[in-house]
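Visitor: Below is a structure I'd like to ask you about.
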Amino acid sequence: MTLHLTTFEGESRGINALSDFRAQQLLPRLQAINDKITGISARFVHLVATDAPPTDAMETQLEALLSYGEPCGTWPANTTGASFFIVTPRFGTVSPWASKATDIAHSCGLAVKRIERITEYCLSIKSGLLGKTYLSQPQREAIIALLHDRMTES
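In the numbering used here, the protein residues as written are 2 to 155.
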């Protein structure tokens, strides 16, 4: 059986996944790991699994269904020199969000196998000499520990 995965961001730059308050709390903790980190933004991205590629009508319905919340106005237009981290529900599990979203899609008559929401984080990093930005492996691991709940997310 082949599943088709389609991504939906909701808005042009996605749906905001990080409140200003939470970003202000996280930034000093991230800067303690690497002082060149200048900003953080996060957006939700939705993965939709279907048996066949979605039709145009289905894509329109999914776009409408998955457009909610505040647009991600803080997502950088230029991501050169940025580092990205993707947080998903723990592998092998179905998140409560996915269960409810899939039920709603079925109620709307959409033939989807599953809808899942992931969070994509973008860290803006000040470039160093020769325009290079760098996070060491221990720094990346410390950042990952800050951005996700290891009990429920991967």
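In this text, a Cβ means the ideal position worked out from N, Cα and C, and glycines have one as well.
Fully enclosed by the stretch 5 to 59, which beta strand (DSSP E) runs are 3 residues long or longer?
Guide: The qualifying runs are 5 to 9 and 38 to 51.
Visitor: If you drop the 5 nearest sequence neighbours on each side, which residues of the same chain put their C-beta closer than 6 Å to that of N24?
Guide: Reading off the sequence shown, one finds Ala at residue 24, where the question assumed Asn. Excluding residues within five positions, the ones whose Cβ falls inside 6 Å are I41.
Visitor: Kindly confirm or deny that the stretch 52 to 68 and the stretch 139 to 154 touch, where touching means at least three C-beta pairs closer than 8 Å.
Guide: No, because fewer than three Cβ pairs between the stretch 52 to 68 and the stretch 139 to 154 fall closer than 8 Å, the two stretches do not touch.
Visitor: Pick from V49, Y135 and D36: whose alpha carbon is nearest that of I105?
Guide: For I105, the nearest C-alpha among the options comes from V49.
Visitor: Along the beta strand (DSSP E) that carries R115, what are the first and last residues, could you check?
Guide: Per DSSP, R115 belongs to the beta strand (DSSP E) from R115 to I126.
Visitor: From what residue to what residue does the alpha helix (DSSP H) around S100 run?
Guide: That run of the alpha helix (DSSP H) goes P97 to S108.
Visitor: According to DSSP, E154 sits in a beta bridge with which residue or residues?
Guide: Paired residues: P90.
Visitor: Run the CB neighbour count on Y122, radius 10 Å, all protein chains shown included, and call it buried at 16 or more, exposed below.
Guide: It is buried - the Cβ of Y122 has at least 16 other Cβ atoms within 10 Å.
Visitor: If S125 and P77 are in contact, beta carbons under 8 Å, what's the gap, nearest whole angstrom?
Guide: Confirmed, Cβ separation roughly 6 Å.
Visitor: Give me, in chain order, the residues of the same chain whose beta-carbon lies closer than 7 Å to that of A83; leave out the 5 immediate sequence neighbours on both sides.
Guide: Closer than 7 Å at the Cβ level, and outside the excluded window around A83, lie P77, C123, L124, S125 and I126.
Visitor: From which residue to which residue does the alpha helix (DSSP H) around E142 run?
Guide: Counting along the chain, the alpha helix (DSSP H) containing E142 begins and ends at Q138 to L148.
Visitor: Using the C-alpha atoms, what's the distance from E117 back to W98?
Guide: Each residue's Cα considered, the two are about 7 Å apart.
Visitor: Measure the C-alpha to C-alpha separation of K37 and N17 and round it to an integer number of angstroms.
Guide: Rounded to whole angstroms, K37 to N17 spans 23 Å at the Cα level.
Visitor: Out of curiosity, what's the CA-to-CA distance linking E71 and L27?
Guide: Each residue's alpha carbon lies about 20 Å from the other.
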